[in-house]
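Going down the list, the sequences are from chains G and A. So the first sequence is numbered by numbering that gives the first Met the number 0: it starts at 0 and just counts up by one. So the second sequence is numbered by numbering that gives the first Met the number 0: it starts at 0 and just counts up by one. Quick reminder that beta carbons are idealized off the backbone N, C-alpha and C, glycines included. Note sheet for the following structure.
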Amino acid sequence: MTSRIDARFAALKEEGRPGLVTFVMAGDPDEKTALEVIKGLPAAGADLIEVGMPFSDPMADGPSIQLAGQRALKGGMTLAKTLNTISEFRKDDLDTPIVLMGYYNPIYIYGNEKFIADAKAAGVDGLIIVDVPPEADDELCLPAMDAGINFIRLATPTTDGNRLPRVLENTSGFLYYVSITGITGAAAPDPGKVAASVARIKESTDLPVAVGFGVKTAQQAADIGKGADGVVVGSALVSAIADSLDRDGNATAETPKAVHALVSDLASGVRSVKR
Amino acid sequence: MSKPIEPNSYKTGPDEAGHFGIFGGRYVAETLMPLILDLEKHYNIAKDDAEFQAEVENLNKHYTGRPSPLYFAEGLTRHLGGAKIYFKRDELNHTGSHKINNCLGQILLAKRMGKTRIIAETGAGQHGVAAATVAAKFGFPCVVYMGKTDVERQSPNVFRMKLLGAEIVPVTAGAGTLKDAMNEALRDWVTNVEDTYYLIGTAAGPHPYPELVRDFQSVIGKECREQMLEAEGRLPDMLVASVGGGSNAIGLFHPFLDDKDVQIVGVEAGGKGLKGDEHCASLSAGKPGVLHGNRTFLLQDDDGQILEGHSISAGLDYPGIGPEHSWLKDTGRVEYVPIMDTEALEAFQLLCKTEGIIPALEPSHALAEIVKRAPKMSKDQIIVMNLCGRGDKDVFTVGSALGVDL
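Structure, rendered in structure tokens:
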């Protein structure tokens, strides 16, 4: 079965450029504004959209995304509302792939089976669940695959030749290469090293490889994009939201504009790459 | 949830994937998976290596001062007028608590693995002090993550860690307590995977930590068994220990799990009562979920967001619990009960007066349960409590709770 994610990466290959994968947190700073932000991403140049599911204890995230989750939770965001955000987005957009990204516990409490069914119905195409390794595939990954949702695995600089086959085993859609050992929003990766790592991974898989962690500017997106099928930007977008808020932490008229302007700029970066 | 079938033995867990029943496992980011598998490999070799075990024993004896005494608390027994009460006195260990047992074992593992930097999380500061101590002894740089709230309420321990050469990083995320410190330690580990060993302080986290911490702490129960047989010629009727993450309790309990006649009670922090959110009784009032690398009972809301919890005792202020305790609760082998802040404070004062021992606030919770149970038991019955920490660090907290300005 060809998923929206497969179709999008095939189209990007045709175009001869890397895709821009944008991350924002559902419900940040409030449900309505976040939906407006997400709805405007494709027009601003996002090729795939990752939507964060807020969690109280985001162990793999740096301060920017931690704060985004806290803003969302403070505004009353829940997993059910996140799924609702995706349903709303799908009313106007049937092509842009949506990947939910987050941590296991809220899903586990929602109920794995119910979550997969509701996510599918909402129009979710993929899942990245940071703290569910291949060792626990039977819990969430395999049921998601059966339902036609791609389960996207992270590979990291610590994923050596012994580990890589295990990581790739049930991965579909694309592989997310975490370019540094560290948390989201950390220092920028070295494009040369990243390209070499991506090339190494590509010897073992035909899946597209998107690279993330530490990419903040159009230039970095272009540099990283030269050696990858996609470039993920998260913390920079989330910081743009944070910077646009008023003194009480509420959204302003500038909030969606600020994010979309940055996405347009980043999109010019990936579009400058010609293969 | 239906009750699991009673196993033939309660001592065989975890399985190869780190599960105790449905609990445990290794739910971590991919960056950490190779490290955790490597740690498991090294631990499996070390635990069967006589040389490694001899090194642990040698340090336990000459550095920590083990075995810790099994002490008949005659004054308290007389005061309560029921069962005979014994204390396993791990508060007399070097560094003042049971935490050193685990730290010595893990630092030797870190050395074997060729790691050059130690990180740790701490709540009350007892584990932080023990980690800083072993890091100093073995010449490792050490970074301790500690919630900002805990840094403020445990200032003597903060200074002790600094004296020992550790760097203390106050964590401001969340409520600034143990859970937030653990998140931050995990973030450090994920960033510094090459050279860093994460010295977890309790029998929780991803496999193999719950197993290896339990094994290093089981020296408490093993000694206790022998000492009890020597003192009374039989096993005790009841074991009581406080549970935060649960390392002192599992250390005492584990060697007795298959002794069906020994009743076992774990005491959770009931804080200001179980009705609101101001407690840390994850087993009594939480439900299973996944946090910090393992599936276990957690304090959480209906959306799976983790709650902060509250306890007067910083060492019990954690919304989770080691996975083996979750399984022992589920199977019914161990009974878990909550004790309120106020009850722990009373027990704390009682022990000072009846025995001349100032206990830490953590074991004061276990003590408060004994105050309830011992009088209802007969005089020929025996209770053993793990007196897992001394109370020097808590005098300011207790002073403030009693309205005394120090």
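Secondary structure at A:S8: coil, using DSSP grouped into helix, strand and coil. In terms of beta-carbon proximity, G:N104 lines the interface with chain A, with at least one pair separated by less than 8 Å. At a cut-off of 8 Å between beta carbons, G:G51 makes no contact with chain A. Ranked by Cα distance from A:M237, the first of A:V261, A:Q226 and A:D214 is A:V261.
In this structure G:N104 is buried. Its beta-carbon is surrounded by 16 or more other beta-carbon atoms within 10 angstroms.
For A:C102, the enclosing alpha helix (DSSP H) has its first and last residue at K98 to R111. Taking C-beta atoms under 8 Å as the contact rule, G:A25 and G:M52 qualify, at a distance of about 6 Å. G:A209 is outside the set of residues whose beta carbon lies under 8 Å from a beta carbon in chain A. DSSP lists A:Y85 as the beta-bridge partner residues of A:F71. Secondary structure at A:R116: strand, using DSSP grouped into helix, strand and coil. Under DSSP, A:P169 shares a beta bridge with A:M145. Boundaries cannot be given for A:R65, as no alpha helix (DSSP H) includes it and DSSP labels it neither H nor E. Assignment of A:E15 by DSSP, reduced to helix, strand and coil, places it in the coil class.
At a cut-off of 8 Å between beta carbons, A:N247 makes no contact with chain G. Shown here for A:T121: same chain residues with a beta carbon closer than 7 Å to its own, the five before and five after excluded, namely G127, V143, M145, A180 and G200 in chain order. The segment 231 to 248 of chain A and the segment 155 to 175 of chain A do not touch, with fewer than three beta-carbon pairs separated by less than 8 Å. Of all residues in the segment 17 to 33 of chain G, none is placed with a Cβ closer than 7 Å to any Cβ belonging to chain A. By the Cβ criterion, the segment 200 to 209 of chain A is in contact with the segment 23 to 31 of chain A, since at least three pairs of Cβ atoms, one from each stretch, lie closer than 8 Å. When G:A227, G:Q219, G:K192 and G:A186 are compared, the shortest CA-CA separation from G:L206 is found for G:A227. In the three-state reduction of the DSSP assignment, G:I200 falls in the helix class. In chain order, P132, E134 and A135 make up the part of chain G whose C-beta sits under 9 Å from the C-beta of A:R25. One finds T157 in chain G with Cβ atoms closer than 9 Å to the Cβ of A:L34, taken in chain order. Nearest neighbour of A:H364 by Cα position, chosen from A:G314, A:H291 and A:E151, turns out to be A:G314. Taking a contact to require three or more Cβ pairs closer than 8 Å, the segment 256 to 263 of chain G and the segment 285 to 296 of chain A do not qualify as touching.
Contact annotation for G:F8 against chain A: no contact, minimum CB-CB distance about 21 Å [criterion: below 7 Å].
Membership of A:K371 in any beta strand (DSSP E) is not indicated; the residue belongs instead to the alpha helix (DSSP H) covering L360 to R372. Selection G:S203, G:I128 and G:S63 evaluated against A:G292 yields G:I128 as nearest (Cα-Cα).
The three-state secondary structure of A:I338, taken from DSSP, is strand. At a cut-off of 8 Å between C-beta atoms, G:Y109 counts as an interface residue with respect to chain A. Put simply, the CB of G:F54 is near chain A, with a gap under 8 Å to one of its CB atoms. Selection G:T158, G:G248, G:V50 and G:N161 evaluated against G:A118 yields G:V50 as nearest (Cα-Cα). In chain order, D56 and N104 make up the part of chain G whose C-beta sits under 8 Å from the C-beta of A:L290. The straight-line gap separating the alpha-carbon atoms of A:K221 and A:N7 is approximately 20 Å. Annotated three-state conformation of A:G20 is coil, per DSSP.
Taking A:G269 as the centre and dropping the five residues before and after it, the same chain places the C-beta of H278, A280, P337, I338 and M339 closer than 6 Å to its C-beta, in chain order. Listed in chain order, the non-local C-beta contacts of A:W188 below 7 Å within the same chain comprise L31, I118, T195 and Y197, local neighbours out to five positions each way being set aside.
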